[in-house]
Structures are given as structure tokens and as C-alpha cells.
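A.B. asks: Dumping the structure here so I can ask a few things about it.
Protein chains: 2
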Amino acid sequence: MSILVVGSIAYDTVETPSRSVKDSPGGSALYFSIAASFFTQVNVVGVVGSDFDLKKLPLNRPFSISFDGLDVEEGKTFRWGGRYYEDPNKRDTLFTLLNVFENFKPTIPDYYKRSQLVFLANIAPALQLQVLDQIDKPRLVILDTMNFWINGYRSDLLKVIQRCDVLILNDEETLELSEDDNIITAGSKILKMGPKYLIIKKGEHGAVLISNNTYFAAPAFPLLKIIDPTGAGDSFAGGFVGYLAKTRKYDVENMRKALVYGNIVASFNVEDFSFKKLIPLNPEKLEKRYKQYRNFTRY
Amino acid sequence: MSILVVGSIAYDTVETPSRSVKDSPGGSALYFSIAASFFTQVNVVGVVGSDFDLKKLPLNRPFSISFDGLDVEEGKTFRWGGRYYEDPNKRDTLFTLLNVFENFKPTIPDYYKRSQLVFLANIAPALQLQVLDQIDKPRLVILDTMNFWINGYRSDLLKVIQRCDVLILNDEETLELSEDDNIITAGSKILKMGPKYLIIKKGEHGAVLISNNTYFAAPAFPLLKIIDPTGAGDSFAGGFVGYLAKTRKYDVENMRKALVYGNIVASFNVEDFSFKKLIPLNPEKLEKRYKQYRNFTRY
Numbered sequence: 000m001s002i003l004v005v006g007s008i009a010y011d012t013v014e015t016p017s018r019s020v021k022d023s024p025g026g027s028a029l030y031f032s033i034a035a036s037f038f039t040q041v042n043v044v045g046v047v048g049s050d051f052d053l054k055k056l057p058l059n060r061p062f063s064i065s066f067d068g069l070d071v072e073e074g075k076t077f078r079w080g081g082r083y084y085e086d087p088n089k090r091d092t093l094f095t096l097l098n099v100f101e102n103f104k105p106t107i108p109d110y111y112k113r114s115q116l117v118f119l120a121n122i123a124p125a126l127q128l129q130v131l132d133q134i135d136k137p138r139l140v141i142l143d144t145m146n147f148w149i150n151g152y153r154s155d156l157l158k159v160i161q162r163c164d165v166l167i168l169n170d171e172e173t174l175e176l177s178e179d180d181n182i183i184t185a186g187s188k189i190l191k192m193g194p195k196y197l198i199i200k201k202g203e204h205g206a207v208l209i210s211n212n213t214y215f216a217a218p219a220f221p222l223l224k225i226i227d228p229t230g231a232g233d234s235f236a237g238g239f240v241g242y243l244a245k246t247r248k249y250d251v252e253n254m255r256k257a258l259v260y261g262n263i264v265a266s267f268n269v270e271d272f273s274f275k276k277l278i279p280l281n282p283e284k285l286e287k288r289y290k291q292y293r294n295f296t297r298y
Numbered sequence: 000m001s002i003l004v005v006g007s008i009a010y011d012t013v014e015t016p017s018r019s020v021k022d023s024p025g026g027s028a029l030y031f032s033i034a035a036s037f038f039t040q041v042n043v044v045g046v047v048g049s050d051f052d053l054k055k056l057p058l059n060r061p062f063s064i065s066f067d068g069l070d071v072e073e074g075k076t077f078r079w080g081g082r083y084y085e086d087p088n089k090r091d092t093l094f095t096l097l098n099v100f101e102n103f104k105p106t107i108p109d110y111y112k113r114s115q116l117v118f119l120a121n122i123a124p125a126l127q128l129q130v131l132d133q134i135d136k137p138r139l140v141i142l143d144t145m146n147f148w149i150n151g152y153r154s155d156l157l158k159v160i161q162r163c164d165v166l167i168l169n170d171e172e173t174l175e176l177s178e179d180d181n182i183i184t185a186g187s188k189i190l191k192m193g194p195k196y197l198i199i200k201k202g203e204h205g206a207v208l209i210s211n212n213t214y215f216a217a218p219a220f221p222l223l224k225i226i227d228p229t230g231a232g233d234s235f236a237g238g239f240v241g242y243l244a245k246t247r248k249y250d251v252e253n254m255r256k257a258l259v260y261g262n263i264v265a266s267f268n269v270e271d272f273s274f275k276k277l278i279p280l281n282p283e284k285l286e287k288r289y290k291q292y293r294n295f296t297r298y
């Protein structure tokens, strides 16, 4: 079952304590698609400038990624710059240049509308709504967002939240959106806003899945070295939604397994810059780490 | 199988954002003993001043706590004062009055020496060594410590670490002791100092068990409200060592289960001040929460 994703495609400039990269391919839609393409076909909606060369990405994936929904506009591609510290949970945004993203109007190719799973990556809630308005109600809508939209575009965001099935936030965003100071009570408040499930990402401490009557906590895969956390959340979402699409079961039992796959895929992603660790990944490496993870968590 | 514990018995003054208590009974040996007494008999070694009235503690436990190894000295009991914030992982020590603890020389009653499990709670490494010197090699020595001893009494501490089987630290202490910045590589360094197992407590993010070739991560039990984190680490240790003593198996499989019981007991402890939530606890409540926990973590 294919997945439709709308999100950013970007050139990222990333500084870390050990190294830096300039204009490296990134963006939420690309991180998500590359991660999800281990499990199923992914249909991308987004925009790039004339300076972006998709052919330079060695996208030899287990499943295909369609770029038929990608606008190529005269001008420059979206650019983001960020700095990370010894504590990989800390990040400063150095610059955000919207460029061709500024006037982006998502249009969905007809055959994309058959995608039963829709991932709305972290972009303006107004754009996420434009996508939902162009498709029939899909089987499952999974939504990502960030502080910027929570604080500045709350009313638009609440409209999208009401129409999503699974909302993915990190712990800070959870407290901000709910205006609460405890993750558990914050989760209950957010479920009242519409979604059936809330996933709270806690970085090196793993992730939590909350619904009205269930709770599931999954530690992170332990890593000797975190090189570049950029795209961790999007590759997590790619593993999560990808596994759901592949297995076609949307009950809470399968959501738990999908969340673990999200953890596993994200753990590979942060082991190097950009897509360096994600591109040569394969289902065998994924299964091997999943088995290790099971061993790390059973009792 | 009984447990010998040496540690502090104290009057604590605790300030939290919601409430404060003055001269409330506490101390590592008491928190540990009350927690472990759900599983087995506990033999306490420690010192109090003439102002401490053990009879005021309603110690109607599933198993007995022996105070035959408790010195009662003329003078005042050890006192500790601390302040907690909205973020329960943050704590300031306001004062530490050693009082009768200053000249404490632990002496072990003969029948205590049959205890096969020894818990060295967080006190001066020199005192921990004095205890180990008075007993034959027990089946298992479990050691707790803190930043103060890591930074100021490192050479004494390394001697105790060499003689322990299980070392319990929190994440900050792990990085400080190893002088590393990654929990996993830090753990490997610490195992080279002597212990077969290292437990790393991560507060609301749970705990991790590391040995030379195994890794186990257990999330924390989710709580709607954390009232007073004092004694969380000691009640965790009480649940952990208590379960090992009860089941008499010291392989890594059983250590994992024991760690989960540590998490569960600690989750009750922090739900109220002092021993208020620990005293009325019973094996049924404990098993109920263990079953909930299993449900929160299985996939």
C-alpha cells in the first residue's frame, strides 16, 4: 500500500562539534521517503528550485519513490542551516530561506489519491490542509509539526490536528501544544483535540505511544556515536508509517511494532550526515537491528 | 535470603514547588529497607542520634527489618535539606548536617554476616570498605554512590567499585566517573573498573542494565504527578536487590526482571513525601503495577 507524503525538500547546512556540511540534500519529505521506501512505494508532493538535481541522489531503493508530484520552479530550493552541540537534543536554527517554498501550492497527481496512508510532514498547517482538501478521506492521516506552527499558527494547526489519526510530536512540543507540564496529562489533553493516537519522541530516550486507553513506551536503540541528528524525526516517521503500510494493520498492537521500526530506522539515520547511512541501508540490516533491539528490551 | 544494608538514616527537609516538609524521616538505608522488605528480611547497619524514634515509623512490613546493627549515639541524627523544581530531575542540596554520622564506625552483628546480599548505600567509600572488610565475600555486593564521592574521594571509591558486583549510578554520575560523553562507551569503561553489571538510572526515562556483552533498557512507569523524588534511587535499589534476594537467581535474565521491580517500587515512592506511599504499599499493589508495566512495554 503506497504512502503519500507532503513536505520539504531542502539543501541543509549543518554544523556539529566534529564536522560541518554545506548544501547537503535534506528536507522532511526526502528523509521520510527514503526511510519509508524500505517498506513500500512513496509518492512525494513538494517543490524544488531549478538548482536541485534529484538524479544526484543514488535512490536505488527496495521500493520506488515517485516524484510526479514534485514542482520544479524557477529559483532556488528551500535552504535550512542548523547547529548541534555535544548534547544532541540541543539545536539552534541558524537560517531558514524559504525560496521557492514561499509560493508553493501543492497539487496532487490523480494516481497519488489512491494512497491510503498520508504523511503530512512538518510544513505550514495551511499547506497540510490544502493537501487533505484534495484527497478523499484516506485510511490513515499521520501528522508532524513543530514549535513554530504551535506558537504562531495555532488555529490552522488545530484544524489539521482535528483531521489526523496519528499526531507525532517531541516532548517539548507536547508540553507546548497542551500547555501542561506532565507528559501523561498533556497527552490526554491532546487526544481530546482529535487524533486517536499521539506519539511522543524523546530523542535518546526513545518514544511513547498514547491512545485513550493504552500506553506504550519504547527505549531508543543505544548508539556509540550520534553524528548528525538532522532528519531523525522524519526517518522515524518513515519507519513508522512504512511498516504500517507494508503490514496493512492499524490496530494498537501493530502501531507498537511500527513505532519500534521507527526507532530502528532513525537510529541508522543519525549515525552519519544527510542520507549517508540511510542510502546503503537494506532490509537485512534493518531486521538485524530489530532483533538486537528485541533482545535489548525483553525481560 | 536476607540483605545487609549500610547507609544513612536521616531527617530530611524537602521543598517542592507544591509543598514542603521539615525533619521528615528519610535516609538511604531506610528508603532501601522499606522497599526491600516487600521481598525479604533486611538487616540495617547505621547510626542515629538520641532524637530519632524508630517506633514512630509504622513498620508493619511483609518481612522484618532488623535494627540490631543500628548505633544510637548521644547527639543529633544526620540531617539533609533539598529543593526540587518543576523539572523533577533538578535538585539543589540546601544543607547537609552530618551530626552523629561524623564519627560513625559501622559494626556488623554476627548474624548479619550470613546475609548473602550486601547493599552499600550512598555513604563515604571509606565506610563502605569498612563494612566489606568485616564480612566474608557475600554472594553479591551492590554499590550506590554519588558525584560528591566521585569527584572528591575517587581513589577510595575505585577500591569499593573493584569489590562490587553491581554498580548503580545515574546518567550524570556515569559520565563523570568515566570521563566520557556517551552513556554506552562510558558504561564499557566503568565495567573495566571491576563490576560485572552497571545500572544507569535515568529518572523519568527509566533505567539501563549493562554488562560486558548485554544491554537492557527499561522505560519508567508513567506517572501523572511526581510529588517528591527523594529516595527514588534508594527505593529503586530496594526493589532491585529485594527481588534478587527473593528469587535467588543472579543471572542477567533475572537481573532484568529485578530492574523492572526497582522501577515499579520507585514509581510508588515518588508519588508522595517521605515513606507515605511506600508504607501502605503491599505485594498486591506491586504485582498490579508490574502487570500494567508489562502491558506498557510489550510489542
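Protein chains in written order, with numbering that gives the first Met the number 0: chain A, 0 to 298; chain B, 0 to 298.
The beta-carbon is built from N, C-alpha and C at its ideal position, and this holds for glycine as well.
Can you grab the Cα-Cα spacing for the pair residue 166(A) / residue 127(B), in whole Å?
C.D. replies: Spanning the two alpha carbons is a distance of roughly 50 Å.
A.B. asks: Drop a sphere of 10 angstroms on the beta-carbon of residue 186(A), count the other beta-carbons inside from all chains shown, and report buried for 16 or more, exposed for fewer.
C.D. replies: buried
A.B. asks: Measure the C-alpha to C-alpha separation of residue 161(B) and residue 189(B) and round it to an integer number of angstroms.
C.D. replies: 10 Å
A.B. asks: If you measure between the beta carbons of residue 176(A) and residue 159(A), is that distance less than 7 Å?
C.D. replies: For the 7 Å CB-CB criterion, residue 176(A) and residue 159(A) do not form a contact.
A.B. asks: Quick one: what's got a C-beta closer than 8 Å to residue 22(B)'s C-beta in the same chain, skipping five residues either side?
C.D. replies: So the qualifying residues of the chain are 10, 11, 12 and 78.
A.B. asks: With 16 other CB atoms within 10 Å as the buried threshold, where does residue 100(A) fall?
C.D. replies: buried
A.B. asks: When you check each C-beta in the region 254-266 of chain A against every C-beta of chain B, which residues fall closer than 7 Å?
C.D. replies: Residues passing the 7 Å Cβ filter: 255, 256 and 259.
A.B. asks: Going along chain A in order, which residues have a C-beta closer than 9 Å to the C-beta of residue 24(B)?
C.D. replies: The contacting residues do not exist; residue 24(B) stays about 28 Å from chain A at best.
A.B. asks: Spatial neighbours of residue 124(B) within its chain, please: CB distance less than 6 Å, with the 5 preceding and 5 following residues excluded, ordered by chain position.
C.D. replies: 148, 152, 155, 156 and 159
A.B. asks: Run down chain B in chain order and give the residues with a C-beta less than 9 Å from the C-beta of residue 85(A).
C.D. replies: 180
A.B. asks: Does the separation of the CB atoms of residue 32(A) and residue 44(A) fall below 7 Å?
C.D. replies: no
A.B. asks: Tell me which residues of the region 222-245 of chain A have at least one Cβ-Cβ distance to chain B shorter than 9 Å, keeping chain order.
C.D. replies: 222, 223, 224 and 225
A.B. asks: Between which residues of its own chain and residue 310(B) is the CB-CB distance below 7 Å, once the five residues before and five after are set aside?
C.D. replies: What is shown of chain B runs 0 to 298, which leaves residue 310(B) out entirely.
A.B. asks: Would a check of beta-carbon distances place residue 184(A) closer than 7 Å to chain B?
C.D. replies: yes
A.B. asks: So, with DSSP's three-state summary, where would you put residue 96(B)?
C.D. replies: strand
A.B. asks: Which residues in the same chain have their Cβ closer than 6 Å to the Cβ of residue 215(B), if we skip the five residues on either side of it in sequence?
C.D. replies: So the qualifying residues of the chain are 208 and 255.
A.B. asks: Please report how far the alpha carbon of residue 240(B) lies from the alpha carbon of residue 119(B), in whole angstroms.
C.D. replies: 11 Å
A.B. asks: Assuming residue 119(B) is part of the beta strand (DSSP E), what are its boundary residues?
C.D. replies: Where residue 119(B) is concerned, the enclosing beta strand (DSSP E) stretches over 116-119.
A.B. asks: Of the residues 116(B), 282(B), 105(B) and 20(B), which one's Cα is nearest the Cα of residue 6(B)?
C.D. replies: It is 105(B).
A.B. asks: Just how far apart, CA to CA, sit residue 294(B) and residue 196(B)?
C.D. replies: 26 Å
A.B. asks: Suppose only complete runs of 3+ residues qualify. What are the beta strand (DSSP E) ranges in the region 103-181 of chain B, listed by chain order?
C.D. replies: 116-119, 139-143 and 165-169
A.B. asks: Can you tell me which of 213(B), 218(B) and 199(B) puts its alpha carbon nearest to the alpha carbon of residue 206(A)?
C.D. replies: Residue nearest to residue 206(A) within the set 213(B), 218(B) and 199(B) is 218(B) (criterion: CA-CA distance).
A.B. asks: Return helix, strand or coil for residue 219(B), following the three-state DSSP convention.
C.D. replies: coil
A.B. asks: Compare the C-beta of residue 100(A) with all C-beta atoms of chain B and state if any pair is closer than 7 Å.
C.D. replies: no
A.B. asks: Compute the Euclidean distance between the alpha carbons of residue 36(A) and residue 179(B), then round it to the nearest angstrom.
C.D. replies: 36 Å
A.B. asks: By the DSSP assignment, the beta strand (DSSP E) with residue 269(B) in it spans what residues?
C.D. replies: Taken as a continuous stretch (DSSP letters only), residue 269(B) belongs to no beta strand (DSSP E), as it is neither H nor E.
A.B. asks: Counting only the same chain and skipping the five closest in sequence on each side, list residues whose C-beta sits under 7 Å from that of residue 213(A).
C.D. replies: Hits under 7 Å: 251.
A.B. asks: How would you list, in chain order, the residues of chain B whose beta-carbon sits under 8 Å from the beta-carbon of residue 287(A)?
C.D. replies: The premise fails here: residue 287(A) is roughly 15 Å from chain B at the closest Cβ pair, so nothing lies under 8 Å.
A.B. asks: According to DSSP, is residue 50(A) part of a helix, a strand, or is it coil?
C.D. replies: coil
A.B. asks: Chain A partners of residue 173(B), CB-CB under 9 Å?
C.D. replies: Those within 9 Å of residue 173(B) in chain A number zero; the least Cβ separation is about 13 Å.
A.B. asks: Which residue comes first and which comes last in the alpha helix (DSSP H) that contains residue 233(B)?
C.D. replies: The continuous alpha helix (DSSP H) containing residue 233(B) extends over residues 231-246.
A.B. asks: Could you give the first and the last residue of the continuous alpha helix (DSSP H) run that contains residue 286(B)?
C.D. replies: 282-296
A.B. asks: Would a C-beta distance cut-off of 7 Å place residue 234(B) and residue 30(B) closer than the cut-off?
C.D. replies: In contact: residue 234(B) and residue 30(B) (Cβ atoms closer than 7 Å).
A.B. asks: Do you know how far the Cα of residue 130(B) is from the Cα of residue 139(B)?
C.D. replies: 14 Å
A.B. asks: List the endpoints of the continuous beta strand (DSSP E) containing residue 65(B).
C.D. replies: 64-72
A.B. asks: Between residue 298(B) and chain A, is there a C-beta pair that is closer than 7 Å?
C.D. replies: yes
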